Every structure is written in C-alpha cells, then in structure tokens.
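In order, the protein sequence lines correspond to chains A and B.
For the first sequence, this note's numbering assigns the number 1 to the initial residue and increments by one for each residue that follows.
For the second sequence, this note's numbering assigns the number 579 to the initial residue and increments by one for each residue that follows.
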Amino acid sequence: MRKLMLGNEAIARGAYEAGATVATAYPGTPSTEITENVARYEEIDTEWSVNEKVALEVGIGSSIAGARTLVSMKHVGLNVAADPLMSVSYPGVNAGLVIAVADDPSQHSSQNEQDTRYYGRFGKIPVLEPADSQECKDFVKKAFKLSEDFDTPVIVRINTRISHSRGLVELEDRIDFELKEYDQNPNKYIVAPAVAKKRRVVAEERLAKLKEFAEDSELNQVEYDKKDVGIITSGVAYHHSKEVFEDASFLKLGLSYPLPQKMIEDFVNQCETVYVIEELEPIFEEQIKSWGLEVIGKDVLPTIGELNPAIIREAVLGNTKEKLELEQEFPIRPAVLCPGCHHRGVFYILKKLKLHVSGDIGCYTLGAFPPLQAMDTCICMGASVGMAFGFEKARGKEFAKKSVAVIGDSTFWHTGVNGLIDLVYNQGNTTVIILDNSTTAMTGHQENPSTGYNVKGGKAPNISFEKLGKSIGIERVRTIDAYEIDEVERIVKEETATEEPSLIITKKPCVLHKRADVINDPLNIEGDLCTGCKKCLDIGCPAISFTGETVKINETLCVGCELCTEMCNFDAIKKGAN
Amino acid sequence: MDIIIAAVGGQGALLASKVLGRLAQNKGLDVKMSEVHGMAQRGGSVITHVRFAEEVNSPLIEEGSADVVLALEMLEGARYISYLKPGGKLITNTQKIDPMSVIIGQQEYPAELKEQLSQLDLEIITEDALGLAKEAGNMKAANIALMGVLAKNTEIEKEEWLTAIKEIVPEKFQEVNITAFELGFNSEV
Ligand SMILES: Cc1ncc(C[n+]2csc(CCOP(=O)(O)OP(=O)(O)O)c2C)c(N)n1
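If you want it as structure tokens, here you go:
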C-alpha cells in the first residue's frame with residue numbers, strides 16, 4: 001500500500017517498521033511531527049522529554065538496555081544534546097540508536113542555519129541523508145542496521161523541505177525486533193579516561209571501516225548519463241538538481257559522512273565538469289578539493305539559505321525562467337500573536353512599565369515586534385533567566401528593578417529552570433515571569449511537564465511552578481490571570497520593586513489549544529461610540545483595524561477575549577453589538 | 579499539474595493541499611507537496627506547493643512554472659504571482675486581510691490589486707469565497723469553496739473532487755465543505 005506522507009511521518013514509520021520500541025524527543029520545527037506520529041504506534045514507548053539532552057540520554061540508556069531507539073530534534077536541539085552525543089560516540093551502542101535531526105535552511109522557524117553534517121565529522125558519527133519521504137522511511141531502517149553493525153549512533157539528517165513535504169511511501173510490515181540482552185559492559189560504557197582512551201582507538205577503527213562500507217553501500221548511487229556535466233549532491237538538493245539537469249550524470253550521496261573517496265574520485269574523473277550541489281556549508285566540496293580533485297561548488301552556489309531549482313539554474317546555467325512581476329513592494333506579513341493570545345496583555349504592560357525585558361524563544365518572542373516591541377533580547381532557549389541575572393550583575397540591584405525575564409512554560413522546563421536555581425543560589429533580585437499558556441504553542445501544541453498530559457494524550461503529573469519556586473527558596477511566588485491586565489500591572493510593579501527574587505506565573509490557556517474553552521464570541525463596535533482614538537491598536541491584535549475614521553473588528557479573526565475592551569476609554573467595544 | 583496555494587496562516591491551506599494530494603493519488607499519479615508548518619502559521623504569509631504528474635522530482639515549483647495560483651487572500655496571491663507561468667490562471671478569493679504593518683499604519687494594503695494583476699499575462703478569476711462559505715454555513719470553508727472554482731477550471735471530473743474531499747475532510751465538517759465546494763463549482767464567475 002502507498003500512502004502520501006510527510007517526511008517526518010515517514011521517519012516515524014521507518015522506526016515502527018524497524019521494530020523500535022522507544023522514541024524520545026523535544027519538539028522543534030521542522031522535526032516535531034516525527035514524534036507526534038511515532039506516538040500513534042502503540043508498540044513504541046514515546047516521550048516528550050524536557051529537552052534534547054535528556055531525550056538523547058534516555059535514548060542512550062534505552063539502546064544499552066537493548067531497545068531500538070529513535071531520538072528526534074531540530075538542528076539547534078543537537079547543540080543542547082551535544083554533550084551526550086560527543087560522549088556516546090566512543091562507547092557506541094547496543095541496540096540501534098538513530099538520531100533524526102532536522103535542519104532549517106533559510107531559517108523558516110529558527111535562530112540559525114547550522115549544518116548538522118558538521119556534527120557527524122565532529123563526533124565521528126555516520127550521517128545519512130534521505131531525499132524524500134520514501135527514503136526517510138527506508139533510510140531510518142538502514143540506519144538502525146548500520147548502528148548495530150558498526151556499534152555506533154547514527155544521525156539521519158533531514159531538513160524543512162523533506163520534513164514538511166509529502167510524497168508517496170510504500171508501507172511494509174513491522175519486523176519483530178527482539179529486545180537485545182542488557183549490555184552490562186563497564187569496559188565500554190564507563191567513559192573514565194582508562195576506558196575512554198581505548199574506545200578512542202576503537203572509534204577511529206570504526207570510522208575506517210565505515211569509509212570502506214561507504215564505497216559500495218547502496219546508500220550512495222551513481223547514475224551515469226551524458227558525462228559532460230556531473231553533479232555530486234545529497235538530500236532534497238538532488239531532486240532540485242534533477243529539475244535543472246535532465247541528462248547530466250549524478251552521484252547522490254545517501255551516506256554523507258564518511259564520504260566514499262574512491263567512488264567520488266572515479267566519478268569526477270569520468271565527468272568533464274563536476275558541480276557539488278549541497279545545501280548550506282561546503283562540507284563535501286572542501287573534502288573533495290582536499291583530495292586534489294577539481295570541482296565547482298560554492299564558487300557559484302550560495303552558502304546562505306535553502307536551494308531550489310531556480311537558484312541552481314541561475315547559479316550554474318546562468319538563466320532563469322520567464323516570470324510575471326508586479327512592480328510594487330508588498331506589505332510584509334510575518335507571523336503575529338493570535339487574537340486572544342495569552343501573551344499580548346502581559347507584553348502590553350511590560351512595555352507600558354518601560355521594563356528591560358530579557359526574552360526567550362516561543363510564540364511570545366513575537367512580543368518583540370511592532371506594535372508591542374516589548375523585548376530587548378532573545379538568544380536561545382532558556383537563556384532569558386540567566387541573561388536577566390547577567391544584566392543585574394553588570395549594572396546592579398537598581399537595574400534589576402527595571403528589568404524582568406520572560407519565559408514560556410515549555411521553555412522554562414527545557415533549560416530555564418537551571419537559570420532560576422542559579423539566580424537564587426547566587427542571591428540575585430531579578431523577577432522572572434513564566435508565561436504559562438499550558439502548552440508548547442509555537443511548535444503546534446505539544447504537552448510539557450506542567451500541562452498534566454503526556455505525548456500519547458494520557459494523564460501525567462502536573463508539575464507545579466509555584467511549588468518548584470518555593471522549594472528552591474523563592475519567597476515571592478505570584479500567580480495571575482493573564483487577561484486581567486490591571487492585576488498584571490500591579491503585581492509586576494510590586495515584584496520588580498522588591499530586593500529579592502520573585503517568580504510571577506501568568507496563566508491563560510492558548511486559544512488555539514484543543515483544551516481551551518474557545519470563546520468564539522466575536523466583539524463588535526457599538527453604534528457610533530468609537531472616536532477613532534486608536535488606543536486599542538496598541539495591543540497589536542490582528543482582528544482590529546482602522547478604517548480611516550473608526551476601528552473595525554474582523555469577525556472571522558476575533559475570538560472575544562475582551563482585551564481590547566479593557567483598552568477602550570469609550571466603552572465602544574461590546575459583545576453582540578452592531 | 580503544478581499548483582501554488584497562497585494564503586494567510588490559519589486560512590486552511592493545509593487542508594486544501596491535502597485534498598489536492600488525495601485527488602492526484604486517486605488518479606494514480608506521483609505527488610509531492612511542500613507545506614508550511616510552525617511559526618509561519620501564526621497569521622503569517624504561507625505558500626504551499628502541490629505537484630502531480632507521472633513522476634515528480636522537486637517538491638518545490640519553480641518560479642514561472644505553476645499552472646495555477648490559488649489565492650485564499652488576494653495580497654498573498656499577488657505576493658507569489660511570480661510562480662505562475664505566463665498565461666497561467668490566478669484563482670483568487672476577494673477577501674482581504676490586513677497584515678499587522680497595515681493595521682498599525684506603517685504600510686498600506688495595495689490599492690487596486692485586481693486591476694494591477696489583470697495587466698499581467700495571466701487569466702484572473704475572482705470569487706468571494708468567504709461569502710460562499712458563510713452561505714454554506716461555516717466561514718472556515720472558504721478554502722474548499724475556492725477549490726470548487728478551481729475544480730470547474732480543470733479537466734478533472736467533479737466526482738473525483740468530491741471523493742477526495744470526503745476522504746480527507748473529517749466527518750463532522752463534510753456537509754458544510756461539500757456545500758461550499760458546490761457553491762464554488764456552480765458560481766457564475
Ligand atoms: C534547543 C531548541 N529546541 C527547540 C526549539 C524550538 N522551540 C522554540 S520555542 C519552543 C517552545 C515554546 O513553548 P513555550 O515556551 O511554552 O512558549 P509558547 O510558544 O507556548 O508561547 C520550541 C520547542 C528551539 N528553538 N531550540
């Protein structure tokens with residue numbers, strides 16, 4: 001049977017067919033749907049881990065204990081998991097351990113464009129690169145076998161266009177993978193220097209064997225056609241290139257680390273001009289050139305951003321297709337906080353109070369943009385708390401009264417909690433605000449430790465911010481309704497003024513969440529009460545716009561949260577008016 | 579056939595592309611589509627690529643090659659018009675949604691978009707899909723109403739569209755969506 005599947009769905013299917021019984025992950029676009037789909041298989045014990053480091057650690061333990069295990073994350077998640085990743089490389093695995101990592105060239109939803117293939121070289125870990133949904137499934141199965149055959153974790157590198165593209169996939173049955181014996185082997189798994197030095201040698205030997213394997217692995221495919229142009233490529237860039245070069249010869253690298261040197265040398269020697277078409281960094285190109293071979297790569301192709309057929313066509317052939325154009329600049333339309341969003345009122349108040357806001361990553365990062373513009377910094381997940389404390393260290397206690405950290409519920413559990421402990425232990429005064437919308441909204445509503453549910457939709461312990469705060473020694477812990485903006489204002493003022501650390505939790509479920517009581521009772525402007533003062537536009541709600549004289553409310557967008565009614569001095573905005 | 583769906587996040591571009599994918603799959607064709615998930619869905623500009631043929635390579639449609647641009651919002655149709663091949667069809671909803679930059683007065687929603695688009699080498703078909711969806715009983719069905727207009731403009735049998743819709747749209751929304759599709763299909767534009 002063939003099914004139209006997202007690349008991510010196919011990765012999950014591959015793990016299922018390979019007999020995996022454990023899967024862990026922390027969400028992150030574009031990798032999230034891998035785990036959402038894995039969770040649908042009863043046979044696979046799946047978890048949303050608190051962060052990627054823990055996800056990989058649970059995965060390593062599960063592999064040593066005998067279960068085929070899939071760990072998934074986005075590219076920057078691998079930075080968080082880099083310590084266990086680099087450390088498990090020497091000891092190796094027991095049952096197959098596959099780490100699916102999704103890159104985001106063009107930064108559709110990410111803070112950077114890092115190329116995960118570097119981690120393969122860095123950690124001496126093989127990297128597989130599927131090019132479409134069918135290969136996502138096939139390569140994950142091959143990755144499990146490779147992992148066991150070579151006693152190594154294996155990275156499967158995908159990207160946004162593979163994760164979020166659908167293609168037809170031929171389904172097969174799940175194999176019966178029997179749990180392997182628990183591998184009690186301190187000489188392998190205790191990375192104390194005495195053991196690790198020996199494993200260092202093993203890792204190098206393993207890499208040599210992998211290089212031999214690469215030479216005749218079916219993962220790497222040569223397709224000869226006309227030999228005046230040869231293309232060396234991998235992943236989705238292969239399909240883009242196929243659109244542009246109909247009769248060129250291709251060397252498609254499915255195993256992108258380590259490279260098959262002899263195969264590449266042979267290909268380059270047979271073709272007249274060889275282009276290396278790889279997305280992001282010139283990783284193949286630099287290795288190939290270091291062998292003294294002549295190829296063309298980033299000399300003509302961009303390093304920044306994702307590739308597509310048009311970019312490749314223009315870079316290599318110097319031509320473009322005829323296209324229609326309007327000579328006009330269009331207003332931009334970036335993502336915005338949704339109508340009814342929990343975060344809107346809080347940011348409105350933080351801006352009103354002119355606070356320095358150390359921000360973090362999530363939907364709430366959108367509070368940094370006009371008209372709210374209530375955030376000074378945002379560096380990486382969890383950083384808000386430590387950074388706000390850094391402000392205080394540099395500029396003193398008075399500055400701490402003028403600044404706060406804001407962090408989402410999921411991000412707090414991810415890596416914010418460490419910063420909070422650091423703040424208390426080192427006697428800071430900074431106020432930390434947890435924006436608790438009871439979900440991991442930005443990546444599409446995943447559960448987390450304070451939602452009360454697990455990845456399969458079952459009940460889970462609901463870990464309390466309040467109790468956590470108290471237990472680490474914060475005396476001032478306050479919880480408020482995020483829609484009550486006068487109350488938010490009062491409490492933020494009080495807490496920033498004190499000379500001790502405070503924790504404020506603002507609560508209101510994300511309006512898009514399936515468990516939220518959807519209000520869905522759009523507001524309207526009452527008769528001619530609107531004076532056109534535009535004060536309500538300050539909250540940046542996409543449902544409100546100015547017609548030239550008065551404002552109007554878009555009934556298809558408004559959910560009726562009534563934040564705008566709190567802004568209006570003329571009582572012009574009402575339910576059921578008009 | 580190569581179709582670009584241009585929309586504002588939340589308008590239901592994903593559902594529309596799923597229906598198209600199923601339609602093509604039912605015809606025994608190869609299908610690839612590229613979607614937008616994550617951040618851009620929060621009211622941002624969204625472009626979906628749908629391709630079906632005997633064999634499809636790239637999941638992305640090259641600029642200047644789409645047979646149809648299906649725009650759930652007119653500004654978004656204009657934004658991605660470079661994807662349409664010269665002489666191709668732009669099927670667009672007349673609904674306009676102001677982006678934040680327009681709401682707060684930093685930028686202006688382009689005036690006379692339809693007239694401007696009509697100057698280009700393309701066939702423009704406009705429809706008040708939101709109006710049709712309201713008539714069908716649910717504003718969220720504007721995507722499928724516009725798909726009715728698309729269906730009328732292809733060689734593919736109406737029955738095949740209806741089958742795909744029934745297979746993809748969840749049971750409880752089927753009736754509304756089929757009504758919306760019919761309204762789009764039968765609309766005199
Ligand atoms: C290391 C890392 N992992 C994952 C992500 C993707 N990501 C960004 S923010 C976020 C969670 C947001 O959830 P929350 O903090 O609850 O805020 P919300 O979006 O609900 O407002 C995730 C998963 C990332 N940017 N970096």
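For each residue, glycine too, the CB sits at the ideal point set by N, CA and C.
Since this is a predicted model, take the numbers as computed values, not measurements.
Which of helix, strand or coil DSSP assigns to residue i
{"i": "Q328(A)", "result": "coil"}
{"i": "F630(B)", "result": "strand"}
{"i": "K393(A)", "result": "helix"}
{"i": "T377(A)", "result": "strand"}
{"i": "P309(A)", "result": "helix"}
{"i": "T479(A)", "result": "strand"}
{"i": "Y658(B)", "result": "coil"}
{"i": "I681(B)", "result": "helix"}
{"i": "E664(B)", "result": "Strictly speaking, residue 664(B) in this sequence is Pro, with Glu absent from that position. Three-state result, P664(B): strand."}
{"i": "G408(A)", "result": "strand"}
{"i": "F347(A)", "result": "helix"}
{"i": "V455(A)", "result": "coil"}
{"i": "A131(A)", "result": "coil"}
{"i": "H414(A)", "result": "helix"}
{"i": "A584(B)", "result": "strand"}
{"i": "D83(A)", "result": "helix"}
{"i": "Q107(A)", "result": "coil"}
{"i": "I283(A)", "result": "helix"}
{"i": "T35(A)", "result": "helix"}
Identity of the residue in the options nearest residue i by Cα
{"i": "M5(A)", "options": "E148(A), H164(A) and I155(A)", "result": "H164(A)"}
{"i": "F759(B)", "options": "A711(B), E749(B), E733(B) and N731(B)", "result": "A711(B)"}
{"i": "R333(A)", "options": "A602(B), A707(B), Q694(B) and R620(B)", "result": "R620(B)"}
{"i": "G419(A)", "options": "K397(A), D360(A) and G457(A)", "result": "D360(A)"}
{"i": "E641(B)", "options": "E654(B), L724(B), E633(B) and P664(B)", "result": "P664(B)"}
{"i": "A719(B)", "options": "I583(B), M579(B), A591(B) and F630(B)", "result": "A591(B)"}
{"i": "K507(A)", "options": "E494(A), A497(A), V488(A) and T498(A)", "result": "V488(A)"}
{"i": "V761(B)", "options": "K744(B), A729(B) and K610(B)", "result": "What sits at residue 761(B) in the sequence shown is Leu, not Val. The candidate whose alpha carbon is nearest that of L761(B) is A729(B)."}
{"i": "I553(A)", "options": "P339(A), I44(A) and R200(A)", "result": "P339(A)"}
{"i": "E172(A)", "options": "V201(A), S147(A) and D138(A)", "result": "D138(A)"}
{"i": "Q603(B)", "options": "F245(A), F177(A), M1(A) and S234(A)", "result": "M1(A)"}
{"i": "D699(B)", "options": "L557(A), Y189(A), L324(A) and L168(A)", "result": "L324(A)"}
Ligand 1 heavy atom lying under 7 Å from the CB of residue i
{"i": "N437(A)", "result": "yes"}
{"i": "I162(A)", "result": "no"}
{"i": "T451(A)", "result": "no"}
{"i": "Q111(A)", "result": "yes"}
{"i": "K74(A)", "result": "yes"}
{"i": "E52(A)", "result": "yes"}
{"i": "V357(A)", "result": "no"}
{"i": "I361(A)", "result": "yes"}
{"i": "Y348(A)", "result": "no"}
{"i": "P27(A)", "result": "yes"}
{"i": "H343(A)", "result": "yes"}
{"i": "A441(A)", "result": "yes"}
{"i": "Y16(A)", "result": "no"}
{"i": "G340(A)", "result": "no"}
{"i": "M387(A)", "result": "no"}
{"i": "C561(A)", "result": "no"}
{"i": "Y275(A)", "result": "no"}
{"i": "G408(A)", "result": "yes"}
{"i": "T24(A)", "result": "no"}
{"i": "A614(B)", "result": "Note on identity: in this sequence residue 614(B) is Val, with Ala being the wrong assignment. Checking the Cβ of V614(B) against ligand 1 gives no."}
Alpha-carbon spacing of residue i relative to residue j, whole angstroms
{"i": "K252(A)", "j": "E181(A)", "result": "37 Å"}
{"i": "E500(A)", "j": "V346(A)", "result": "22 Å"}
{"i": "I64(A)", "j": "A143(A)", "result": "17 Å"}
{"i": "S120(A)", "j": "T479(A)", "result": "In the sequence as displayed, the identity of residue 120(A) is Gly instead of Ser. C-alpha separation (whole angstroms): 45 Å."}
{"i": "V127(A)", "j": "G254(A)", "result": "8 Å"}
{"i": "N269(A)", "j": "P260(A)", "result": "14 Å"}
{"i": "K667(B)", "j": "N51(A)", "result": "47 Å"}
{"i": "G96(A)", "j": "V88(A)", "result": "13 Å"}
{"i": "I505(A)", "j": "A482(A)", "result": "9 Å"}
{"i": "E278(A)", "j": "N319(A)", "result": "20 Å"}
DSSP beta-bridge partners of residue i
{"i": "W48(A)", "result": "A25(A)"}
{"i": "T506(A)", "result": "L435(A) and I480(A)"}
Taking a cut of 8 Å between CB atoms, which residues from the stretch 502 to 531 of chain A lie near chain C?
Looking at the structure shown, chain C is missing, and the protein chains on hand are A and B.
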